[in-house]
Structures are given as C-alpha cells and as structure tokens.
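Quick note: the sequence shown uses the UniProt record's numbering, first residue 1, plus one each step.
Below you'll find the structure, written out as structure tokens, and then a few comments.
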Amino acid sequence: MRHDIVGERATFEKGYCYQEGIAVRQIIFPDGQVEVSAFPATDWSRCNQIRLMPRAKRGESEKRERNNEVAARRARQELRKRCKAIQANHMVTLTTKKNITDLDEFQALFDQWRRIMAKHAAFRYVAVPERQTRGAWHLHVAMHGRPARQLAIRAWMKVCGGKGKGYCHIRPPKGCGKFGQPWRQHELAGYISKYIGKDVGVSELNRKRYWASRGIVVPVRQTYGVWMGYPSMYDALQPVLRDLERDFGTEDLVAYVSAKNGSFWLATGPRPGHFYGPPSPFVTEYDRVIGSLR
C-alpha cells in the first residue's frame, strides 16, 4: 500500500469525519496479469452505525431493478477474475436443436458434457448461459488449453441425443478465423463477461449468473492507496501508471477512464517467464533483499 498518499480526515462539529477522495485497488495474478480499479471514495467514521440500519428483505426492495444491475456488474467482475485465475485462452459455445427454455434442463446437459471432458484431461472452466432470440438457452464456456475438437463435438452430440441434435462451436478470437488460435487471456476474460446480463438471476432469486469449476483460487484484492483531497483522478492515474510500468510492464494494456464518474480501470496481459505468487517460506530475508536489488 502507498502510505504516502493517504490523506487526513476532516473533523466536523456533528461528531463524524467526512472527506471525498479516490480509492485505488489492485489484483495481481500469478502469471503477471494485473487489474487496477479506482473509484470515488467517501470517508465516514460513522459507517458502522449505517450498517446497523434496517434493510429491506430480499426481493422486496423498492430499487430492485437497480439492485439487479449492481448484482450483474458484481457477477461480471467475479467471472472475469476467475477466468484470469485459470488462465483461460479458449472458448466454446454449446447449443441444442431442441428449444430448451428451462435453464435447469440445459445445465443438466452441460454437467454430462463437462464430466466426459474431465475424463480425458484436467478440465477447469467458467461458463455463462445466454438466452437466444428464439427463447432457448446456449452456453459460452471458457477454458485453459486447446480443447480436442472432435472429442468436444462428439461428447456434446452424445448428451444431446445424437447427431444433428446440437452443436459445439469452438470460437476463435475476434478477427481470427483460424481454428485453434488461442485468445489473449485478459481479452477473453473481458469478452465472456459481457454475456452476463439480466436473463439469469432476475426471474429467480439468488440464481447464479455463471458457473465455474470448483477450487479456483482468486487472488485477494489489495489496497494500492487512497487519495483524499486530490483535485482530480488524473493526479491519481499518473503515479499508478508509473508504478504499473515499473513493476509489471504495460503489455497489452487495456484502459477505461471516466472523467464523468471520476474513475478508471486498467488491465494488463500476462508476462511470460514471470511468476507473481506468495513468497516461498524457504527464502531467507537476505535472499529477499538481494532479489529486490537486482
């Protein structure tokens, strides 16, 4: 955490502290991918009292539509992080000839398919269901490693009931029609997360908006710093970019900056040959110091 950019609180006569600023968070993945997000922050010392205020029951809030939008945005963030955590670089789309409008029925077919795939190799995935214009569901699945094309197609035909009953489309990156070409990992994570909308999770309370294999370890989000009293987000963006370039590089940098909302979001691609994990317990403090000087 950058302690040199933490501002001081302003105390007011009403007994609480209030000050506006910009909070910056970062997530560092083992392969060198980094996500940095910054958003307006308000410092309230009485936030614990606010948390104790009564809340509306689930599904009874007057701002239900707004809550659904927030839930969808949160699901996109979690999906994107899990996609990066498994280093997903290939995507397939599963469809059926039968007009399956029941999501539970479609999920049962997918469970059979993933079990067949898992018998032949380690299979970790994140999947997003999407409703087609005809009302039926189909599924976008992101995974690590090039899938065996014929195996994936035969397995899906088997669970669908035979040839012509469904289709498994292995989708190449945008702008590339060559089969087997891998996606850039951070681009695939952003692409598949866009499929999360309001179709799933609205009709049924607490319905999962995406499916993911078990055991995916997502890095913990860290606090980079909090700017309190800075004139604009650009003053926060400049040192963040400098630190990002110095520590991780800016290969395949993707950036979103909103002057209106006072926020920005940065993401970088993986760095081949580098590993950013927790320090080894067998490394001495002397080795850490020497390594930091190299």
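Note that CB positions come from ideal geometry on N, CA and C, so glycine has one too.
These figures come from a predicted structure and were not determined experimentally.
Buried/exposed call for residue i, threshold 16 Cβ in 10 Å
| i | result |
| --- | --- |
| Pro40 | exposed |
| Ser193 | buried |
| His120 | exposed |
| Gly21 | buried |
| Tyr234 | exposed |
| Glu35 | buried |
| Arg76 | buried |
| Gly161 | exposed |
| Thr133 | exposed |
| Lys97 | exposed |
Helix, strand or coil at residue i according to DSSP, with G and I counted as helix
| i | result |
| --- | --- |
| Ser37 | strand |
| Ala71 | helix |
| Ala236 | helix |
| Trp183 | coil |
| Ala212 | strand |
| residue 326 | One cannot answer for residue 326 here, as it falls past the ends of the chain, which runs 1 to 294. |
| Lys81 | helix |
| Gly190 | helix |
| Asp247 | helix |
| Arg120 | Residue identity check: residue 120 is His in the sequence provided, not Arg. In the structure shown, His120 sits in a helix (DSSP, three-state: H, G or I). |
| Gln150 | helix |
Residues bridged to residue i (per DSSP)
| i | result |
| --- | --- |
| Gln107 | DSSP, once it has assigned bridges, lists no residue as partnering Gln107. |
| Gly225 | Val24 |
| Pro129 | Leu139 |
| residue 295 | Nothing about residue 295 can be read from this structure; the chain reaches only from 1 to 294. |
| Val254 | Ala267 |
| Trp113 | Partner(s): none; Trp113 has no beta bridge. |
Option nearest residue i by Cα separation, candidates the options
| i | options | result |
| --- | --- | --- |
| Tyr210 | Thr96, Pro147, Arg80 and Gly166 | Arg80 |
| Ala195 | Pro147, Gly21 and Ala72 | Position check: residue 195 holds Tyr in this sequence, whereas Ala was assumed. The shortest C-alpha separation from Tyr195 is found at Ala72. |
| Ala255 | Met228, Glu187 and Val220 | Glu187 |
| Tyr224 | Ser232, Val218, Val217 and Val240 | Val240 |
C-alpha distance - residue i paired with residue j, whole-angstrom precision
| i | j | result |
| --- | --- | --- |
| Ile86 | Leu244 | 22 Å |
| Lys174 | Trp156 | 24 Å |
| Gly164 | Phe123 | 25 Å |
| Glu204 | Asp247 | Confidence in Glu204 is poor, its pLDDT being 48 and thus under 50, which makes the residue's placement unreliable; the coordinate value appears in the next sentence. Distance between the alpha carbons of Glu204 and Asp247 is about 44 Å. |
| Thr95 | Tyr167 | 5 Å |
| Arg242 | Ala118 | 43 Å |
| Gly215 | Pro30 | 16 Å |
| Ala88 | Ser213 | 12 Å |
| Ser263 | Arg25 | 12 Å |
| Arg171 | Phe110 | 17 Å |
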